[in-house]
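As structure tokens, the structure follows; a few thoughts come after it.
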């Protein structure tokens, strides 16, 4: 195990690790990012929209 090519024993016992990230993982990351952007993007305008209505209801 000096960093060269693996022996037959190492090939049979080592776990296989894929070289690239699966496509479905990228979809999950993109969908979750879109959900977070939507939440933080709409929470401010929704708060601004609801604030005058709450004060009018108290009067």
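Numbering (full-length UniProt numbering), first residue to last: 1 to 59.
Glycine included, each C-beta is placed from N, C-alpha and C at the ideal position.
Remember, predicted model here, so these are calculated numbers, not experimental data.
* To do: In the DSSP assignment, find the alpha helix (DSSP H) that holds residue 9 and state where it starts and stops.
  => Counting from 1 along the chain shown, the entry for residue 9 is found at position 9. Element bounds for residue 9: 8 to 13.
* Asked: In terms of alpha-carbon separation, which member of 14, 15 and 29 lies closest to residue 21?
  -> On the chain shown, residue 21 is found 21 positions in, with the first residue counted as 1. Taking only the C-alpha atoms, the option nearest residue 21 is 29.
field: residue 38 - DSSP class collapsed to helix/strand/coil
entry: What you label residue 38 is simply residue 38 of the chain shown in a count that begins at 1. Helix.
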